[in-house]
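**Student:**
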Amino acid sequence: MSTYDAETRWRLILGPAGNDGLGATDAGAGNAGDLERALAWLYDREADGEASRSIARGGPGSGPEHPLDVPEWLNKIHELFPKEAIERLESDALHRYGILDVVTRKEALENVTPSLSLVEAILRCKSRMDSHVLDAARAVVNKVVEDLKKRLCDEIEHRLGATPFRHRRSRFRVARNLDALRTIRRNLQHWDPDKRRLVIERPEFFARVRRFGPRYQVIVLVDQSGSMARNIIHAAVVASILWKLPSTRSHLVVYDTEVVDLTPYVDDPVELLMRVQLGGGTDGAKALQYAAELVDVPHRTVLLWITDFEDHADNLVREVTALVGEGVTVFGAASLDDQVCGAYDHGVAQAVADAGAHVAATTPSKLVGWLVEKMRR
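Residue numbers (the working numbering): 9 to 385.
1. How would you write the range of the alpha helix (DSSP H) that T191 sits in, first residue to last?
2. How far does the alpha helix (DSSP H) with Y298 in it reach, from first residue to last?
3. At what residues does the alpha helix (DSSP H) containing V228 begin and finish?
4. For a quick check, are the C-beta atoms of L156 and V245 less than 8 Å apart?
5. Considering only the alpha carbon of each residue, which of S248, P306 and Y298 lies closest to D275?
6. Who are the near neighbours of D291 in its chain, counting only those whose CB is closer than 6 Å to its CB and skipping five residues on each side?
7. Grab the span of the alpha helix (DSSP H) containing T329 for me, first residue to last.
8. Which complete alpha helix (DSSP H) runs does the stretch 248–284 hold, if anything under 4 residues is left out?
9. Quick one: residues in its chain with C-beta nearer than 7 Å to the C-beta of T191, no 5 flanking neighbours on either side, listed in chain order?
10. Given 8 Å as the limit, is there contact between the stretch 330–342 and the stretch 353–368, that is, 3 or more CB pairs closer than that?
11. Have a look at A48 and G377 and give me their C-alpha separation to the nearest angstrom.
12. Considering only DSSP beta bridges, list what D52 is partnered with.
13. Indicate whether the contact test is met: 3 or more Cβ pairs, each with one atom in the stretch 309–324 and one in the stretch 143–157, closer than 8 Å.
14. Does D52 pass the burial test, meaning 16 or more other C-beta atoms within 10 Å, or should it be called exposed?
15. So E318 and R238 are in contact, right, with Cβ under 8 Å, and what is the actual spacing, rounded?
16. Would you report the Cα separation of L250 and Q297, rounded to the nearest angstrom?
17. Going by other Cβ atoms of all chains shown within 10 Å of its Cβ, with 16 needed for buried, is S125 buried or exposed?
18. Taking the alpha carbon of V336 as the point to measure from, which residue in M282, K252, T271 and L302 has its own alpha carbon closest?
19. According to DSSP, simplified to helix, strand and coil, what is M9?
20. Identify the residues that DSSP records as bridge partners of S343: which are they?
21. Could you pull the start and end residues of the alpha helix (DSSP H) that I208 belongs to?
22. Shortest alpha-carbon distance to D322 belongs to which of K294, H366, R104 and I130?
23. Using a 10 Å radius around the Cβ and a threshold of 16 neighbouring Cβ atoms, would you call S139 buried or exposed?
24. Among V380, D362, V332 and P372, whose alpha-carbon lies nearest the alpha-carbon of L253?
25. Please classify V284 as buried or exposed, where buried requires at least 16 other C-beta atoms within 10 Å of its C-beta.
26. Please go through the stretch 96–159 and give each complete beta strand (DSSP E) segment of 3 or more residues, from N-terminal end onward.
27. Going by CA-CA distance only, name the one from L43, D162 and L50 that's closest to F89.
28. Just the Cα atoms here: how many angstroms apart are R257 and A300?
29. Put V78 into one of helix, strand or coil per three-state DSSP.
30. So the candidates are T329, K382 and Q347; which of them puts its Cα closest to the Cα of A363?
31. What does the Cβ neighbour count give for N83, buried or exposed, with the cut at 16 atoms within 10 Å?
32. If the criterion is Cβ atoms closer than 8 Å, does the pair I227 and V268 meet it?
33. State the DSSP-derived secondary structure class of D200, mapped to helix, strand or coil.
34. How would you write the range of the alpha helix (DSSP H) that V360 sits in, first residue to last?
35. According to DSSP, which residues form a beta bridge with W378?
36. Look at the Cβ atom of W313, then the Cβ atom of V332, and state whether they are nearer than 8 Å.
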């Protein structure tokens, strides 16, 4: 917070009590306004004389001016504050006001509605949980992960799996091989207008035998700094689905200042996510060097790099230039979630793009579409 001017720092210290002398805060006061609102969400309950609140909503934070619930507030402070300040805010929220129970108490986790925000909060607070709370947390994470997989799995399998070969008929009459569209077209003449039913006299089936050329190697490289929680969730789900496809050989690697290869857990995204350690610094160059060591056939390798680009541009450019020069396709995803609202360093992202990488903020579905196009060329 040392980067803010004296007036802003006093606002953060005094809160609403400073409005008489400093003037009320503009509702659209940008990052400084977000900082003040995040502090007000927690500490304004002192002014109200309230020491505790519902585990699902914050005190003053339950009104229209502070629409955040506990998991959302927890995720917000990780975006806004340095590590030391986050630790103090979390400590006060847990011990002084008792409002982090929603992500640290088994009974609360068993009754709360699973959501992406809640999973983000669980990933941030899992070090505070004992074993029986972790079991409840895993159940929440599993529910959200399964919902994400349902949305993405059909699309990925449709675009990379059997669909391109549906024109190949099969003599094996198995329900899972039913070609519904061809069956309807071939039996339209048997429509019964009185009963308003289509009589199927000749069902059609397609072969699920998949003919692939040499497999693509897909390396998913994820920055696990504190602001990347939602991106990591989506990356884990995408990697777990790609892992099961015969057309790809996948890896998943996370990094901060150190690099951790989580490929042995990529088929179980819940276990993978529970092993992620959010926070810390960032050394993207070291992570890119590690990814380069995994490459077998460069021109059939795609590196999906999910990062906020908060790093040293020169080091990243050097490593990206080397990878692209070898023939590796590099995609730098500045944000990987359905809202595409992650903050990232535009200058570094542009430098990486100039070095030959594809760079964009994107949704998981659009990323899959891009990957399909690359693999079918």
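Where is the CB? At the ideal position from N, CA and C, for every residue including glycine.
Please read these numbers as outputs of a predicted model, since none were measured by experiment.
**Tutor:** Let me lay it out:
1. A188 to R194
2. From DSSP, the alpha helix (DSSP H) with Y298 extends over G292 to L302.
3. Note, V228: premise wrong, no alpha helix (DSSP H); beta strand (DSSP E) at Y224 to D231.
4. yes
5. S248
6. T265
7. A321 to E334
8. 277–283, all fully within the stretch 248–284.
9. I208, P211 and E212
10. yes
11. 42 Å
12. None; D52 has no bridge partner.
13. no
14. The residue in question, D52, is buried, as its Cβ has 16 or more Cβ neighbours within 10 Å.
15. Actually they are not in contact, since the Cβ atoms of E318 and R238 sit about 16 Å apart, beyond 8 Å.
16. 23 Å
17. buried
18. L302
19. Below a pLDDT of 50, predicted positions are generally treated as unreliable, and M9, at 41, falls in that range; no measurement from the model is reported.
20. A369
21. Element bounds for I208: n/a, residue is neither H nor E.
22. K294
23. exposed
24. V380
25. By the Cβ-count criterion, V284 is buried, with 16 or more other Cβ atoms from all chains shown falling within 10 Å of its own Cβ.
26. none
27. Answer by Cα proximity: L43.
28. 15 Å
29. helix
30. T329
31. buried
32. no
33. strand
34. For V360, the enclosing alpha helix (DSSP H) starts and ends at H354 to D362.
35. Per DSSP, none; premise fails for W378.
36. no
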